[in-house]
Amino acid sequence: QHDVSALRDAVSVAQHHDAVTGTERQHVADDYALRLDRGVKECQETVVDGINRISNVTKPLQFEFCDLLNISICSITENSKEVALVLWNPLSRTLNHYVQLPVVDGDYDITGPGGTKIPFQITPLPKHTLLLPGRLSNATHEILFRAKLPPLGYTAYNLKKLAKGGVSLAGHTSILRKRA
Amino acid sequence: SGFADDDFVIKNEFLALTFDQSSGSLKYLTNLETNTTISISQTFAYYVGSVGNNTKEPLRASGAYIFRPNCTGAGPDCSRPLEGNGTYEIVKGPLVQEVRQYICAWVSQVIRLHATSKKVHFEWQVGPIPVGDGIGKEIVSRFSTNLKSGTEFFTDSNGRQNIKRRRNFRPSFNLNLTEPISSNFYPVVDRIFIQDETAGSQLTILTDRAQAGSSLLEGQIELMVHRRLLVDDWLGVSEPLNEPGLGEGLVVRGSHHLIFTNIAKSPRRHRLASHDLYWHPALLLLPVSSTTSQAD
């Protein structure tokens, strides 16, 4: 059992006009961010409980989240040879969603429901991501695929790093660099 | 007309984006469903924040509470373009095509078109804003088109209806315009758009966070993406909007999603797109080891 009240409380505090408009002092902004982060983490545990319950696994799986995907950081996809990905669609209609994950350079394979091979694309990270101040990550590339998600449901994918020389279904990417 | 032989194009079955070969900047946007092309540019610019004179009420500084550029002119002439001897990259693959623009040391952007997407993804990165010159800066991303939108534009109201805004005008009182730039900025919680009723076209931008936006010239949309100011505006916060972060200043990364289609189709298109963005899927990850089999 996890409590979603931490996020409810944090969002309630953030209804204050200073939080809405950004007119709070810096140390208060830091505190708002901390409260929201704690609340989100508690809710993530609730989501994991829910996924474990509806997927009828034999024993609860310890799913994790990557909160820094916006700056292409995810220690799980960067450091694991094989990762199970579960995408939960909160919308009441089918969704085609592009998933973009940071990885280390190499050959990969993605399988979807029923072991079907999923087409994907691997692209080097932009240099402004690699040079981002304070960014600590091993990722050099990003892997992208299209996930088809059922309404109010989930789809599971498997991302596997192949041994050297393995057969990958990666699409060809070409890069042209120019000086403006 | 206007297309050059050496322009390059990224496209899918719905949209085509034409870029200038020499600068890597966006020139044209074509909706391939309606076969409509507009000229469009997307640039970054900054307003110099007023330092004011906080002993006198009408001369407040630009700060956390107020956006107040240090100029009296109207329109984008008041802002300074962000130009650098930048580079760009074109990345083409089967699922996504993108143009990466490295505009200057602290501003860069990826313009991305997914294979089956009806919207263009602009992922901008701004910061740390340099203030070594003692100038506070307020950075905007500006989309300029040839759409005949007149003086009107639309912004959302916190998920409720979209509200028509008119430049230099208030519906309930006679406006004595003393701040030609900031008086025309409105809150954009998640979308802003302009319409060309003669051409029947609409350009909509969905934001990933609440920002401020305006249309200071016909056919134009601008959104404020980052601010760094050095003087408190004396309205209560008692510190400048400086955010030194790690000591260098904050780097901000975010997204704008551009939708271009006809006016009739636009509400359905941007409403569904906003659902996709704001109720996006949750991604859970699990390293697969000998104890967690793939079957599980």
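Here the protein sequences line up with chains A and B, keeping their order. Numbering-wise, our numbering puts 24 at position 30 of the first sequence, and it's gapless, one number per residue. Add 72 to a position in the second sequence, counting from 1, and you land on the number used in our numbering. Glycine is no exception: its CB is placed at the ideal position from the N, C-alpha and C atoms. Keep in mind that this is a model prediction, so the values were computed, not measured.
Item: Test: L85/A CB closer than 8 Å to a CB of chain B; Value: yes
Item: Proximal residues of chain A, C-beta to C-beta of H186/B below 7 Å; Value: Y92
Item: Within chain C, the residues that P113/A reaches when beta carbons sit closer than 8 Å; Value: Any reference to chain C falls outside this structure, whose protein chains are A and B.
Item: Beta-bridge partners of F194/B, as assigned by DSSP; Value: I183/B and H328/B
Item: Best match in T333/B, L330/B, P200/B and Y258/B for proximity to M296/B [C-alpha to C-alpha]; Value: Y258/B
Item: Any chain B beta carbon closer than 8 Å to G108/A; Value: no
Item: Alpha helix (DSSP H) segment containing G147/A, residue limits; Value: Here G147/A belongs to no alpha helix (DSSP H); instead the beta strand (DSSP E) covers G147 to K155.
Item: S189/B classed as buried or exposed, judged by whether at least 16 other C-beta atoms fall within 10 angstroms; Value: buried
Item: Beta carbon proximity, N132/A to chain B, threshold 8 Å; Value: no
Item: Chain-ordered residues of the region 75 to 99 of chain B with a beta carbon less than 8 Å from chain A; Value: Q93, S94, S95, G96 and S97
Item: Integer-rounded CB distance, given that F91/B should sit under 8 Å from F75/B; Value: Their Cβ separation, rounded to whole angstroms, is 11 Å, which puts F75/B and F91/B out of contact at 8 Å.
Item: Unbroken alpha helix (DSSP H) run spanning K121/A, endpoints; Value: K121 to L124
Item: Close beta carbons around Q114/B, own chain, < 6 Å, minus the five adjacent residues each side; Value: L98 and F215
Item: Beta-carbon spacing of V227/A, L301/B below 8 Å; Value: Because residue 227/A is not part of the residues shown, which for chain A are -5 to 174, the question remains open.
Item: Any C-beta of chain A under 8 Å from that of I201/B; Value: no
Item: Under 7 Å from the C-beta of H122/A: neighbouring residues of chain B; Value: Y174, S180 and Q197
Item: Per DSSP, cross-strand counterpart(s) of Q56/A; Value: Its beta-bridge partners do not exist; DSSP assigns none.
Item: Start and end residues, alpha helix (DSSP H) containing D103/A; Value: Note, D103/A: premise wrong, no alpha helix (DSSP H); beta strand (DSSP E) at Y102 to T105.
Item: C-alpha distance - A284/B paired with P243/B, whole-angstrom precision; Value: 20 Å
Item: is_contact[A284/B, chain A] using C-beta, thresh 8 Å; Value: no
Item: I266/B versus G222/B - alpha carbon distance; Value: 9 Å
Item: Any 3 or more C-beta pairs closer than 8 Å across the region 91 to 110 of chain A and the region 35 to 49 of chain A; Value: no
Item: Contact belief for H193/B with S327/B at Cβ below 8 Å, rounded distance in angstroms; Value: 6 Å
Item: 8 Å Cβ cutoff, R343/B in contact with chain A; Value: no
Item: Exposed unless 16 or more other CB atoms sit within 10 angstroms - verdict on A336/B; Value: exposed
Item: Any chain A beta carbon closer than 8 Å to R325/B; Value: yes
Item: Given 8 Å, three or more beta-carbon pairs between the region 101 to 120 of chain A and the region 18 to 27 of chain A; Value: no
Item: Cβ-Cβ distance between L219/B and I277/B below 8 Å; Value: no
Item: Residues in the region 331 to 360 of chain B having any Cβ partner in chain A nearer than 9 Å; Value: L344, H347, D348, W351, H352, P353, A354, L355, L356, L357, L358, P359 and V360
Item: Three-way DSSP call (helix, strand, coil) for H10/A in this model; Value: coil
Item: Member of R172/B, Y119/B and L167/B whose CA lies at the smallest distance from the CA of R152/B; Value: Y119/B
Item: Any chain A beta carbon closer than 8 Å to E294/B; Value: no
Item: L307/B versus R343/B: straight-line alpha-carbon distance, rounded; Value: 37 Å
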